[in-house]
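Residue numbers (the numbering used here): 6 to 530.
The C-beta atom is built at its ideal place from N, Cα and C for all residues, glycine as well.
All values reported here derive from a predicted model rather than from experimental measurement.
As structure tokens, the structure follows; a few thoughts come after it.
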Amino acid sequence: MTDREPRGGDALDREFDEALALAKDQGTYQRRPETWPERPEPPECPEWTDPWDPAPPDAAPKDATPQDVAPQAPASQSRALREPPSPDQALPDPAATATATDRARPPQGPGPTSPAPAHHRPGTPWPDARAIAARAPRPSAAKAAPLARPLADALGHVLAAPLTALTDLPSFDTSAMDGWALAGPGPWRLPAAGRSILASHAEADPLPDGHAIRIATGARVPPGATAVLRTEHGTAHGTAGDGWLYAAPAHPVSPGQDIRPRGQECRSGDLLLPAGALITPVILGLAAAAGYDELPTVPRPRVEILVLGDELLRQGLPHDGRIRDALGPMLAPWLRALGAEPLATRRLADDAESLYAAVADSPADVVLTTGGTAAGPVDHVHPTLRRLDAELLVDGVAVRPGHPMLLARLAPDKHLVGLPGNPLAAVSGLLTLAEPLLRTLTGRPTPTPCPAPLTAAVHGHPRDTRLVPVVFRGDEARPLRFNGPAMLRGVAVADGLAVIPPGGADRGSEVEILDLPWSTAWPGT
Numbered sequence: 006m007t008d009r010e011p012r013g014g015d016a017l018d019r020e021f022d023e024a025l026a027l028a029k030d031q032g033t034y035q036r037r038p039e040t041w042p043e044r045p046e047p048p049e050c051p052e053w054t055d056p057w058d059p060a061p062p063d064a065a066p067k068d069a070t071p072q073d074v075a076p077q078a079p080a081s082q083s084r085a086l087r088e089p090p091s092p093d094q095a096l097p098d099p100a101a102t103a104t105a106t107d108r109a110r111p112p113q114g115p116g117p118t119s120p121a122p123a124h125h126r127p128g129t130p131w132p133d134a135r136a137i138a139a140r141a142p143r144p145s146a147a148k149a150a151p152l153a154r155p156l157a158d159a160l161g162h163v164l165a166a167p168l169t170a171l172t173d174l175p176s177f178d179t180s181a182m183d184g185w186a187l188a189g190p191g192p193w194r195l196p197a198a199g200r201s202i203l204a205s206h207a208e209a210d211p212l213p214d215g216h217a218i219r220i221a222t223g224a225r226v227p228p229g230a231t232a233v234l235r236t237e238h239g240t241a242h243g244t245a246g247d248g249w250l251y252a253a254p255a256h257p258v259s260p261g262q263d264i265r266p267r268g269q270e271c272r273s274g275d276l277l278l279p280a281g282a283l284i285t286p287v288i289l290g291l292a293a294a295a296g297y298d299e300l301p302t303v304p305r306p307r308v309e310i311l312v313l314g315d316e317l318l319r320q321g322l323p324h325d326g327r328i329r330d331a332l333g334p335m336l337a338p339w340l341r342a343l344g345a346e347p348l349a350t351r352r353l354a355d356d357a358e359s360l361y362a363a364v365a366d367s368p369a370d371v372v373l374t375t376g377g378t379a380a381g382p383v384d385h386v387h388p389t390l391r392r393l394d395a396e397l398l399v400d401g402v403a404v405r406p407g408h409p410m411l412l413a414r415l416a417p418d419k420h421l422v423g424l425p426g427n428p429l430a431a432v433s434g435l436l437t438l439a440e441p442l443l444r445t446l447t448g449r450p451t452p453t454p455c456p457a458p459l460t461a462a463v464h465g466h467p468r469d470t471r472l473v474p475v476v477f478r479g480d481e482a483r484p485l486r487f488n489g490p491a492m493l494r495g496v497a498v499a500d501g502l503a504v505i506p507p508g509g510a511d512r513g514s515e516v517e518i519l520d521l522p523w524s525t526a527w528p529g530t
């Protein structure tokens, strides 16, 4: 290919090649990649289809939109904030890793429509960003004093201390079945009619050798009993007070049969659950059986949600360039599922003073914002952080969607998570920064990675990690088509998000799956 022969690819690539060739011919070409802003990447065309896609396999979805790349803040602005931790500083120089296309971009001349020159700072690698978020809370915040909660109010909270048994389980020898308590070998003499042992009875009189007595499931086994014979395995003969019990030949009696001995499940003082366990309905039952009336729980971090944007509507259909707010209804329940206590969801206009006042005066442990994290004319999150002298821990993450997310420390025990405004990009920010931060604040253990093979190849970004909604089909993960940054249709039916490494993943490749706090079953699957 000569300098004047444009390459294949999208129209923007060909336009750059033609401009570059013309500049070289005229001798005006100068390479200054450090001053050129990143151009948006072409839309990614998914190579799979899914059963929920109403369009035919050969038709592009009508609502498909290009994947936006948020502009980066100018270097003069980003230096005003404190530098992120070392993982971000250790990244390679973007000029040294730039592609041939990046190095060949023509310079942008000054003019009223030209963007201000900006040094493109790569985002923190995705795994490093999650690690920084998990380590962000100070020890004082991560080890808050336990809060005792009655069992009825403890569901969904996290144990702040190990759960040990307060009694033996069972606390006495009990019958595992309805039947007869037996003493010694048979046949066994039966007592007078109407005599039996029920679960609510106190300890019965000792059972003489060669005798039997009716007993209910869960009842205390009388002293001297050696086994329990199930009702369906025994036959009684004779009259009341002078009857005999025989075991069926097919079911001979063995010592200890169908008796739950004292302490079979646990002894008093045994460890039942470690600190950090999420309290489920079964744990509530176990705690009650072990003698608890209330449980020590980790206080839930308080979160205030600030939804930013003049263009957002709270009801009705989109109109006149305005769109519905999809994040406001979604974020509070999602954060509650992650162990937080949402205080309020506030909607703010694109006004710098309103945002500054809302963040500065928030009583929450974590402030969560949506939108405004880039460097546009109405993106006020970075200026607000500078005014508050915040410590910027993560400023952009090398992940798509959701590149312009951020994490800042407002005070020793107070943080701000800035999510992008696009819905799926915001989900990416939740799982990348908010989930690890809240996991540490609530004392939950780090989940064990659960890789799964892909049923189809997934295109990757050249440099960034991708998060793609998937559904499980047996032991495999099937990528879903609607995965653009503004789309929720894919993640609405997803079981998790696949972590696609830079460069993509082939069919059959095992990739990490980020679990969602729930699993959605789509009708007919």
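Problem set entry | C-alpha distance - G229 paired with L521, whole-angstrom precision | As a working mapping, residue 229 is identified with position 224 in the sequence shown. As a working mapping, residue 521 is identified with position 516 in the sequence shown. Their backbone Cα atoms lie some 54 Å apart in a straight line.
Problem set entry | A462 (DSSP reduced to helix, strand or coil) | In the sequence shown, residue 462 corresponds to position 457, counting from 1. DSSP places A462 in coil when its eight states are reduced to three.
Exercise. In three-state terms, what does DSSP make of A65?
Worked result: Taking the first residue of the sequence shown as position 1, residue 65 is located at position 60. Since pLDDT at A65 reaches only 40, below the 50 mark, its modelled position is unreliable, and the value read off the structure follows with that caveat. Coil at A65, not helix or strand.
For this session: Report the option in H162, V422, A357 and P409 whose CA atom is closest to the CA atom of R392.
Result: Counting from 1 along the sequence shown, the entry for residue 392 is found at position 387. Residue A357 is the option with its Cα nearest to R392.
Exercise. Of the residues V308, D366, A181 and G321, which one's Cα is nearest the Cα of L340?
Worked result: Reading the sequence shown from its first residue, position 335 is the one you call residue 340. For L340, the nearest C-alpha among the options comes from V308.
Exercise. How many whole angstroms separate the CB atoms of H206 and A188, which I take to be in contact at a CB cut-off of 8 Å?
Worked result: For this step, residue 206 is matched to residue 201 along the sequence shown. For this step, residue 188 is matched to residue 183 along the sequence shown. That belief does not hold up - the Cβ atoms of H206 and A188 are roughly 17 Å apart, past 8 Å.
For this session: Inspect the CB distances between the segment 155-175 and the segment 348-357 and report whether three or more fall short of 8 Å.
Result: no
Exercise. Going by the CB atoms, is the gap between V496 and P456 shorter than 8 Å?
Worked result: The sequence position of residue 456 within the sequence shown is 451, counting from 1. The sequence position of residue 496 within the sequence shown is 491, counting from 1. The Cβ atoms of P456 and V496 do not sit closer than 8 Å to each other.
Exercise. Which of helix, strand or coil does DSSP assign to Y361?
Worked result: Residue mapping note: residue 361 aligns to position 356 of the sequence shown, counting from 1. Here Y361 sits in helix by DSSP.
Exercise. How is D263 classed by DSSP in three states: helix, strand or coil?
Worked result: By 1-based counting over the sequence shown, the position of residue 263 is 258. If DSSP states are grouped into helix, strand and coil, D263 belongs with coil.
Exercise. Going by the beta-carbon positions, is the gap between G333 and V303 smaller than 8 Å?
Worked result: Within the sequence shown, the letter at position 328 stands for residue 333. Within the sequence shown, the letter at position 298 stands for residue 303. No; because the gap between Cβ atoms is not below 8 Å, this pair is not in contact.
Exercise. So what does DSSP say about W185, is it helix, strand or coil?
Worked result: Here residue 185 refers to the residue found at position 180 when the sequence shown is read from its first residue. Here W185 sits in strand by DSSP.
For this session: Pull up the DSSP beta-bridge partners for P130, would you.
Result: Looking up residue 130 in the sequence shown gives position 125. Answer is A403.
For this session: Give me the Cβ distance between R154 and L300, rounded to the nearest whole Å; I'm assuming they're in contact under 8 Å.
Result: Numbered from its first residue, the sequence shown carries residue 154 at position 149. Numbered from its first residue, the sequence shown carries residue 300 at position 295. About 6 Å; that satisfies the 8 Å criterion.
Problem set entry | A241 - containing beta strand (DSSP E), residue span | Locating residue 241 in the sequence shown gives position 236, counting from the first residue. For A241, the enclosing beta strand (DSSP E) covers residues G239 to H242.
Exercise. Going by the beta-carbon positions, is the gap between I534 and A166 smaller than 8 Å?
Worked result: Residue 534 lies beyond the stretch modelled for the chain, which goes from 6 to 530, so this question has no answer here.
For this session: Look at the alpha carbon of P196 and the alpha carbon of D210, and state the distance between them as a whole number of angstroms.
Result: What you label residue 196 is simply residue 191 of the sequence shown in a count that begins at 1. What you label residue 210 is simply residue 205 of the sequence shown in a count that begins at 1. So the alpha carbons of these two residues sit roughly 13 Å apart.
For this session: Give the secondary structure of V233 by DSSP, where H, G and I count as helix, E and B as strand, and everything else as coil.
Result: Indexing the sequence shown from 1 puts residue 233 at position 228. V233: strand per DSSP, three-state reduction.
Problem set entry | Cα-Cα separation between G261 and L493, rounded to whole angstroms | Indexing the sequence shown from 1 puts residue 261 at position 256. Indexing the sequence shown from 1 puts residue 493 at position 488. In this structure, the CA atom of G261 is about 59 Å from the CA atom of L493.
Problem set entry | C-alpha gap between R267 and L289, whole angstroms | Your numbering for residue 267 matches position 262 in the sequence shown. Your numbering for residue 289 matches position 284 in the sequence shown. Approximately 22 Å, taken between the alpha carbons.
Exercise. Is T437 closer than 8 Å to M410 when the C-beta atoms are compared?
Worked result: Along the sequence shown, read from residue 1 onward, the residue named residue 410 stands at position 405. Along the sequence shown, read from residue 1 onward, the residue named residue 437 stands at position 432. Against a cut-off of 8 Å, the Cβ pair of T437 and M410 comes out as a contact.
Exercise. Mind checking F487: buried by the 16 CB within 10 Å criterion, or exposed?
Worked result: Position 482 of the sequence shown, counted from the start, is the residue given in the question as residue 487. The residue in question, F487, is buried, as its Cβ has 16 or more Cβ neighbours within 10 Å.
Problem set entry | Segment limits, alpha helix (DSSP H) that includes H387 | As a first step, residue 387 is located in the sequence shown; it is residue number 382 there, counting from the start. Looking at the DSSP string, the run of the alpha helix (DSSP H) that includes H387 is V386 to R392.
Problem set entry | Candidates T285, G509, G381 and S180, of which the one nearest A157 by Cα | Start at 1 with the first residue of the sequence shown, and residue 157 comes out as number 152. Of T285, G509, G381 and S180, the residue nearest in Cα terms is T285.
Exercise. Three-state secondary structure (DSSP) at D520?
Worked result: Residue 520 sits at position 515 when you count from the first residue of the sequence shown. Strand at D520.
Problem set entry | L295 vs L443 beta-carbon contact at 8 Å | As a working note, residue 295 is residue 290 in the sequence shown. As a working note, residue 443 is residue 438 in the sequence shown. A small fix is needed here, since residue 295 is Ala in this sequence, not Leu. For A295 and L443, no; Cβs fall outside 8 Å.
Exercise. Okay, do the segment 425-435 and the segment 475-485 touch, 3+ Cβ pairs below 8 Å being the bar?
Worked result: no
Exercise. Straight-line CA distance for A241 to E208?
Worked result: Here residue 241 is taken as the residue at index 236 of the sequence shown, counted from 1. Here residue 208 is taken as the residue at index 203 of the sequence shown, counted from 1. Distance between the alpha carbons of A241 and E208 is about 25 Å.
For this session: May I ask which residues mark the beginning and end of the beta strand (DSSP E) holding A288?
Result: Reading the sequence shown from its first residue, position 283 is the one you call residue 288. The residue asked about is misnamed: residue 288 is Ile in this sequence, not Ala. Unbroken run through I288 is the alpha helix (DSSP H), P286 to A294; no beta strand (DSSP E).
Exercise. Count the other CB atoms within 10 Å of the CB of G508; is the residue buried (16 or more) or exposed (fewer)?
Worked result: The residue you call residue 508 lines up with position 503 of the sequence shown. Exposed: under 16 other Cβ atoms inside 10 Å.
Exercise. Hey, how far is the Cα of V163 from the Cα of H420?
Worked result: For the purposes of this step, residue 163 is taken as residue 158 along the sequence shown, with counting starting at 1. For the purposes of this step, residue 420 is taken as residue 415 along the sequence shown, with counting starting at 1. Cα to Cα, the separation comes out at about 21 Å.
For this session: Under 6 Å Cβ to Cβ from V371, same chain only, skipping five residues before and after it: list those, please.
Result: On the sequence shown, position 366 is the one that residue 371 refers to. So the list reads P306, V308 and H420, once near-sequence residues are dropped.
Exercise. For Y251, does the count of other Cβ atoms within 10 angstroms reach 16, so buried, or fall short, so exposed?
Worked result: Counted from its first residue, the sequence shown places residue 251 at position 246. Under this definition Y251 is an exposed residue.
Problem set entry | Rounded C-alpha distance that separates L415 from P406 | Indexing the sequence shown from 1 puts residue 415 at position 410. Indexing the sequence shown from 1 puts residue 406 at position 401. It is roughly 25 Å from the alpha-carbon of L415 to the alpha-carbon of P406.
Exercise. Within this structure, are the beta carbons of G465 and G426 separated by less than 8 Å?
Worked result: Position 460 of the sequence shown, counting from 1, holds the residue named residue 465. Position 421 of the sequence shown, counting from 1, holds the residue named residue 426. No, the Cβ-Cβ distance between G465 and G426 is not below 8 Å.
For this session: Write down the C-beta distance between V402 and W131 rounded to the nearest angstrom, noting that I regard them as a contact closer than 8 Å.
Result: Translated into the one-based positions of the sequence shown, residue 402 becomes position 397. Translated into the one-based positions of the sequence shown, residue 131 becomes position 126. At roughly 6 Å, the Cβ-Cβ gap stays under 8 Å, so V402 and W131 are in contact.
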